[in-house]
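Take a look at the structure below.
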Amino acid sequence: MPQLSTRVTSINAGGSDGWDVFYRARAMVAAGERVTELTIGEHDTGTDARILDAMHAAARGGHTGYAMVPGTPGLRDAVAARIAARTGVPTTRDNILITPGGQAALFAAHMLACDPGETALYVDPYYATYPGSIRSAGAVPRAVITRADAGFLPEASDVDALAGQTQARSLLINTPNNPTGAVYPRATLAALAQVAEARDLWLISDEVYDTQVWEGAHLSPRALPGMAERTLVIGSMSKSHAMTGSRIGWICGPVPAIDGLVDLATNTTYGVPGYIQDASLFALNQGDDVEAAVAAPFRRRRDLAQAVIGRQNVVRAIPAQGAMYIMLDIRATGLDGEAFANALLDAHRIAVMPGESFGQAAAGHVRVALTVEDTALETALTTLCAFAASLAHAPAV
Ligand code: PLP
Numbered sequence: 427m428p429q430l431s432t433r434v435t436s437i438n439a440g441g442s443d444g445w446d447v448f449y450r451a452r453a454m455v456a457a458g459e460r461v462t463e464l465t466i467g468e469h470d471t472g473t474d475a476r477i478l479d480a481m482h483a484a485a486r487g488g489h490t491g492y493a494m495v496p497g498t499p500g501l502r503d504a505v506a507a508r509i510a511a512r513t514g515v516p517t518t519r520d521n522i523l524i525t526p527g528g529q530a531a532l533f534a535a536h537m538l539a540c541d542p543g544e545t546a547l548y549v550d551p552y553y554a555t556y557p558g559s560i561r562s563a564g565a566v567p568r569a570v571i572t573r574a575d576a577g578f579l580p581e582a583s584d585v586d587a588l589a590g591q592t593q594a595r596s597l598l599i600n601t602p603n604n605p606t607g608a609v610y611p612r613a614t615l616a617a618l619a620q621v622a623e624a625r626d627l628w629l630i631s632d633e634v635y636d637t638q639v640w641e642g643a644h645l646s647p648r649a650l651p652g653m654a655e656r657t658l659v660i661g662s663m664s665k666s667h668a669m670t671g672s673r674i675g676w677i678c679g680p681v682p683a684i685d686g687l688v689d690l691a692t693n694t695t696y697g698v699p700g701y702i703q704d705a706s707l708f709a710l711n712q713g714d715d716v717e718a719a720v721a722a723p724f725r726r727r728r729d730l731a732q733a734v735i736g737r738q739n740v741v742r743a744i745p746a747q748g749a750m751y752i753m754l755d756i757r758a759t760g761l762d763g764e765a766f767a768n769a770l771l772d773a774h775r776i777a778v779m780p781g782e783s784f785g786q787a788a789a790g791h792v793r794v795a796l797t798v799e800d801t802a803l804e805t806a807l808t809t810l811c812a813f814a815a816s817l818a819h820a821p822a823v
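Using my numbering, you'd call the opening residue of the sequence shown number 427 and step up by one each time.
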């Protein structure tokens, strides 16, 4: 076999990709075992039947050929209108590229921001693909470490120091945050915006959880003064409309950036299927109520999870202000997140994600996706707490 490129062989930096417990759980399920899967951010509801009907109608109506590479004009207009309405920033279709999901948008944004070998900053804890997405784009990922006792919010002074030291080209942030549930307050975003301006960074703002806010309010940094020209917003229908498998998202940015990204898309993805775009347009046209209905179970389960955790004192919950997860501090068990997650899977067939999959700041934690129905979630969390208590040699309640 000819040699593999270092670009591809180094995507995971020689370590694991962070998904091992998830793969083990999936293998158990494939072998016929019953596992409570609280790993990935996938809704238990599936895509709304009306959206699927719209997809079917579009495909049967003939929208199965190559679609326009930047996205259909109708969908680009609808995404632009949604963003303009929510942020107050004038936005047109020329500011929007439709992508095959937020993940492809993350990759494309780094391709745009960084030349090979240049540094791209990201915040730890992070969504598991961030460093690999940056490496895939040929850039060098450098983490800005946050602390649990500071709400996992990045300090502008840390970003500034690292940007200066590395001559970084971009900073990737995510609010509402996966895995921590943090919703960045205005002061944090304003301080980061100042650093981005001073250091001439692209601010890549991953806002795929913008419809899942339980406390505070979502603020897009693109709406801060002067930031529209250096912010690339990553959006997606995955979480807002339970359309994870449809692979549809977008990048919103300045027109010259979108023009460059259209060239990139022409030579990589060649766009997104037209019938998926038509279904997405239909979904967006249903208005905010559909999004609120998709988000509602996660708010309810966040409260439920916090109530279960509140009944004991071995496992500590990080208060989730948004997104579809809850982070649990399990350090009192004496195990790290990975050992705890593996032991929990073996002992009780409950699968959660080790904090270490999301970086060093989340070590000793596990992330629980709130993606099973309420009773199953309550049972799983009660079992998890009792298991943690048994490891910590503490009473369960
Ligand atoms: N960004 C974050 C923070 C995520 O959690 C995810 C998926 O879980 C994505 C981006 C990618 O989402 P998608 O590619 O499904 O739009």
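Glycine is no exception: its CB is placed at the ideal position from the N, C-alpha and C atoms.
Across the set Ile522, Gly514, Gly590, Gln529, the C-alpha of Gly590 shows the shortest separation from the C-alpha of Leu547. His791 counts as buried, since at least 16 other C-beta atoms from the protein chains shown sit within 10 angstroms of its C-beta.
From the listed residues Gly700, Asp714, Ser596, Tyr610, the smallest Cα separation to Leu658 is found for Ser596. Inter-residue distance for Tyr552 and Arg561 is about 15 angstroms (C-alpha atoms, whole angstroms). Excluding the 5 residues flanking it on each side, Asp762 has same chain C-beta neighbours closer than 7 angstroms at Glu782, Ala789, Gly790, in chain order. If you check the CB distance, Thr465 and Val447 come in under 8 angstroms. Inclusion of Thr670 in the 7 angstroms shell around the ligand PLP follows from its C-beta lying nearer than that to a non-hydrogen atom of the ligand. Here the alpha carbon of Arg508 sits roughly 10 angstroms from the alpha carbon of Thr518. The shortest CA-to-CA distance from Ile744 to any of Val505, Val634, Arg568, Arg573 is the one to Arg573. At the C-beta level, Ile630 and Leu618 stay beyond 8 angstroms of one another. In this structure the stretch 721-737 does not lie against the stretch 529-546, because fewer than three pairs of beta carbons, one per stretch, are closer than 8 angstroms. In this structure, the ligand PLP has a non-hydrogen atom nearer than 7 angstroms to the beta-carbon of Asp632. Taking Trp640 as reference, the option from Val570, Ala530, Met454, Ile752 with the minimal CA-CA separation is Ile752. Straight through space, the alpha carbons of Val570 and Leu650 are spaced by roughly 22 angstroms.
Beta-bridge annotation (DSSP): Ala569 is paired with Tyr548. Rounded to whole angstroms, Val740 and His819 show a C-alpha spacing of 10 angstroms.
Around Ala668, the same chain offers His469, Thr471, Gly472, Thr473, Asp474, Val720 as residues with beta carbons nearer than 8 angstroms, after the five sequence neighbours per side are excluded. Taking the Cβ of Gly467 as the reference point, at least one heavy atom of the ligand PLP falls within a distance shorter than 7 angstroms. Among the bridge pairs identified by DSSP, Val778 is matched with Leu464. Excluding the 5 residues flanking it on each side, Ala451 has same chain C-beta neighbours closer than 7 angstroms at Val461, Glu463, Thr465, Leu771, Ala777, in chain order. Annotated three-state conformation of Asp762 is coil, per DSSP. Pairing Ile522 with Arg502 gives a Cβ-Cβ distance under 8 angstroms. Taking non-hydrogen atoms of the ligand PLP into account, the C-beta of Ser646 is found less than 7 angstroms away from none of them.
Excluding five sequence positions before and after Val621, the CB atoms of its chain that fall closer than 6 angstroms to its own CB belong to Ala582, Val585, Asp586, given in chain order. At a cut-off of 7 angstroms, the beta-carbon of Tyr701 does not count as near the ligand PLP: no heavy atom of the ligand is closer than that.
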